[in-house]
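For reference, the structure is listed below as structure tokens.
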Amino acid sequence: MNHYQEELEALDESIRRFFELDMQVQKQRDAVGVHFHTLNTLVFGGRKPSCSPPKPPSFTVGLDVPMRQLKLKLLQDQVGVSVINVTGLGGSGKTTLAKMLCQDDQIKGKFKDKIFFLTFGKMPKLNKIVQNLFQHSGYQVPGLQSNDDTLNQLEHFLKQIGSSPVLLILDDVWPGSESFVEKFVFQISGYKILVTSRFTIGRFGPPYVLKPLAYNDAIKLFRHSASLNQSSSYVPNNVLEKVLMASQNMFLKLHSQVLMASQNMFLKLLETVTVVNGMKT
1 MNHYQEELEA LDESIRRFFE LDMQVQKQRD AVGVHFHTLN TLVFGGRKPS CSPPKPPSFT
61 VGLDVPMRQL KLKLLQDQVG VSVINVTGLG GSGKTTLAKM LCQDDQIKGK FKDKIFFLTF
121 GKMPKLNKIV QNLFQHSGYQ VPGLQSNDDT LNQLEHFLKQ IGSSPVLLIL DDVWPGSESF
181 VEKFVFQISG YKILVTSRFT IGRFGPPYVL KPLAYNDAIK LFRHSASLNQ SSSYVPNNVL
241 EKVLMASQNM FLKLHSQVLM ASQNMFLKLL ETVTVVNGMK T
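So this is what it looks like as structure tokens:
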């Protein structure tokens, strides 16, 4: 019993040291962020590419079929605005899929430099989003007097840049923001909006539901993210299967988000599962 007590105390101390270090890193990161903002303001007049599509992860699995199907929807010519709602579990790959679409050659060929990536989050601010769109495109930011004025300026902006079709990504929309999404809907030819959310926004028609990973893809992702493909750290699939089952298949819900797991962390998990389930490895 004393042996386990000592291990628990050592683990508690490790966790305490980790969070102390994490707080120090966070303070340094905040300080760097302030300096970068000041430098950005002085050199670039505060302009930053906040609406540019981020690069997708270098390693993805299980997204080939959704990629093809959504590309067809985005490349289809249509009169007026078209809204596509991509929904699925948290971590199922919605944001990654949106990033991949933005970097696709055919998509870039159609929409050119008129691809805007906006992350909504829990509390989106319309005036800030519109200001970022103007800054990103090199336009002078107008004075926004009210919500109605902001919407009028947004519509004018989208029509002004509409020499080629426009693709607007509204990423990570939370419940309660459905009406906020509607503010971006204008009847402009060739205008496409792709919305990612964990819930269905029914007013835009049937959603595109992103399914959890298939078993084989989950194994590939887990191996890659935990660096288990190297010969020195190879773990048989049957052992991974037991770990997946023991953790209630949580990895099956993951697509290409990065798992913050090292080989040592994996071995600790495997050791815990072995003790709890009486596994023989």
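If you use UniProt numbering, the sequence shown corresponds to residues 1 to 281, in order.
Glycine included, every Cβ here is placed at the ideal spot set by N, Cα and C.
For clarity, every value in this text was computed on a predicted model and none was experimentally measured.
Residue from Ser-197, Leu-213 and Leu-74 with nearest C-alpha to Phe-111: Closest in C-alpha terms to Phe-111, from the list Ser-197, Leu-213 and Leu-74, comes Leu-74.
Just tell me which of Leu-89, Glu-182, Met-100 and Val-86 has its CA closest to the CA of Val-61. The option with the nearest alpha carbon to Val-61 is Met-100.
For a minimum of 4 consecutive residues, which ranges assigned as the alpha helix (DSSP H) are wholly contained in the region 129-167? Within the region 129-167, the runs of alpha helix (DSSP H) at least 4 residues long that lie entirely inside it are, in chain order, 147-160.
Count the other CB atoms, across all protein chains shown, that sit within 10 Å of the CB of Gly-176; report buried if there are 16 or more and exposed otherwise. If you draw a 10 Å sphere on the C-beta of Gly-176, you find fewer than 16 other C-beta atoms in it, and that means exposed.
Can you name the residues that DSSP bridges to Ser-197? In DSSP, Ser-197 forms a bridge with Thr-87 and Val-173.
Would you mind reading off the limits of the beta strand (DSSP E) that contains residue 287? No statement about residue 287 is possible, as the shown extent of the chain runs from 1 to 281 and does not include it.
Just to confirm my understanding: we take Phe-199, look at its own chain, exclude 5 residues before and 5 after, and list those with CB closer than 6 Å. What are they? The residues are Pro-175.
Going by other Cβ atoms of all chains shown within 10 Å of its Cβ, with 16 needed for buried, is Gly-88 buried or exposed? The residue is buried, with at least 16 neighbouring Cβ atoms inside 10 Å.
What residue range does the beta strand (DSSP E) around Leu-70 cover? First-last for Leu-70: 64-75, but that is the alpha helix (DSSP H), not the beta strand (DSSP E).
Short check: CB of Gly-80 to CB of Gln-153, under 8 Å? No. Outside cutoff.
Mark Pro-165 as exposed unless 16 or more other C-beta atoms lie within 10 angstroms of its C-beta, in which case mark it buried. With 16 or more neighbouring CB atoms inside 10 Å of its own CB, Pro-165 falls in the buried class.
Using the Cβ count rule (16 or more neighbours within 10 Å means buried), how would you classify Gly-202? Classification of Gly-202: exposed, given that the 10 Å Cβ count is below 16.
Leaving aside the five residues before and after Gln-103 along the sequence, list all residues of the same chain whose C-beta is less than 8 Å from its C-beta, in chain order. Excluding the 5 residues flanking it on each side, Gln-103 has same chain C-beta neighbours closer than 8 Å at Pro-53, Lys-55 and Pro-56, in chain order.
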